[in-house]
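Reviewing the structure listed below.
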Amino acid sequence: MPMRFYQLQRPGPSTPRHWSGSLSAEHIWSLPGVECPTCHETWSGQFALPSVDLSSLPERDLLLEPRVEPHTEYARLASRVQPFLPSGMTSEPGMQFGPLRGTAHGAFGPVSARHGWEVLVTQDALRHLQAVGIRGLVPVRAELQGLDAGVVLYELELPSRGLLHRDAVLTGPQCPTCGWQETRISPEPWLDGDALPHDVDIFRPTNGSTYTFVNARFVEALAALGPGDVTFREANVVPESRSGSVH
């Protein structure tokens with residue numbers, strides 16, 4: 006039977022939560038947002054790479070406080086960060102690096118999502134996911150004060166794979182200077198069946214980096230851990246015939 010895919014989401018305000026956990030934390034470093042002289046937009050993205058360590062970068066202290074800079078200064082800092090990024094990845098304004106650092110409050114279940122693109126798991130949950138062979142896990146331990154004794158949280162750095170279907174994404178022209186592109190995405194986006202990843206079980210589409218998708222293997226693995234504070238919306242795949250088989 007075809008593999009089923011799901012959008013992992015943070016529960017809405019009206020959905021009862023199983024756990025009380027919350028975070029006041031940010032990644033250690035971030036590129037500034039940009040003021041563009043060409044398109045005149047001021048913008049900053051949300052893409053995070055918690056596994057990227059910038060502690061050896063001479064300019065690291067300039068990346069501690071979120072802010073907006075003119076394009077020339079943004080471009081200078083981005084060029085310094087670029088060698089630290091995974092092969093084939095390009096920096097963007099607001100890109101964040103290093104583990105989450107801050108304070109935790111309350112109790113955490115096996116999996117939670119502070120945002121739709123920021124997924125955290127407990128150490129016990131991570132061990133279970135690894136033991137059952139879930140693919141695409143890049144765990145980075147969060148540096149948090151206030152956790153209950155014995156509790157450790159890991160942020161999952163999500164691999165960029167696959168695509169939202171082109172009919173679910175409307176885009177305008179891209180600025181040649183800063184890369185800004187007005188984008189509108191369907192409230193319930195669907196996946197491009199011709200670009201589905203078959204080497205990972207959790208991913209963020211390359212044209213929708215604030216969305217997290219998982220397959221049925223991931224959902225089934227989590228179900229064994231009891232209730233967590235995420236929801237799963239089954240996503241359509243078009244064309245369906247490309248969605249592969251459960252194995």
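The opening residue of the sequence shown carries number 6 in our numbering; numbering runs sequentially from there. All C-beta atoms, glycine included, are put in the ideal place defined by N, C-alpha and C. These numbers come from a predicted model, not from an experiment.
Q: Could you check what DSSP says for Y159 in three-state terms: helix, strand or coil?
A: strand
**Q.** Other residues of its chain near P164: CB distance less than 6 angstroms, five sequence neighbours each side excluded
**A.** The beta carbon of P164 sits closer than 6 angstroms to the beta carbons of G141, V205, F208 from its chain, once the five residues preceding and following it are set aside; these are given in chain order.
Q) Leaving out the 5 sequence neighbours to the left and right, which residues in its chain are closer than 8 angstroms to G249 when beta-carbon positions are compared? A) Low confidence applies to G249: its pLDDT is 48, below 50, so where it sits in the model is not reliable, and the reading given next is rough at best. Result list for G249: P7, M8, L201, H203, in chain order.
Q) So who's on the other strand from L125, going by DSSP bridges? A) DSSP output for L125 lists S117, E160 as bridge partner(s).
(Q) For the region 81–91 against the region 23–40, do three or more pairs of beta-carbon atoms, one drawn from each stretch, fall closer than 8 angstroms, so that the two count as touching? (A) yes
Q | Best match in G26, V124, C183 for proximity to L54 [C-alpha to C-alpha] | A | V124
Q. Leaving out the 5 sequence neighbours to the left and right, which residues in its chain are closer than 8 angstroms to S25 when beta-carbon positions are compared?
A. H110, G111, A112
Q.
Looking at G167: is its Cβ nearer than 8 angstroms to the Cβ of P194?
A. Contact: no.
**Q.** Boundaries of the alpha helix (DSSP H) in which V79 is found, first to last residue
**A.** Looking at the sequence itself, residue 79 is Tyr, so the reference to Val does not match. It spans 76–86 - the alpha helix (DSSP H) in which Y79 sits, taken as one unbroken run.
Q) In the DSSP assignment, what are the bridge partners of T176? A) T188
Q: Going by DSSP, name the residue or residues bridged to P144.
A: L161
Q. Exposed or buried, which one is G50 when buried takes at least 16 other CB atoms within 10 Å?
A. buried
Q: Check whether the region 88–105 touches the region 129–138, taking contact to mean three or more Cβ pairs, one atom from each stretch, closer than 8 angstroms.
A: no
Q. Where in the region 216–249 do unbroken runs of the alpha helix (DSSP H), each at least 4 residues long, occur, reported from the N-terminal end onward?
A. The region 216–249 contains these whole alpha helix (DSSP H) runs: 221–228.
Q: Look up S27 in the DSSP assignment and give the residues it is bridged to.
A: H110
Q) What is the rounded straight-line gap between the Cα of V126 and the Cα of C41? A) 37 angstroms
(Q) Run through the DSSP bridge pairs and tell me what T47 is partnered with. (A) E40
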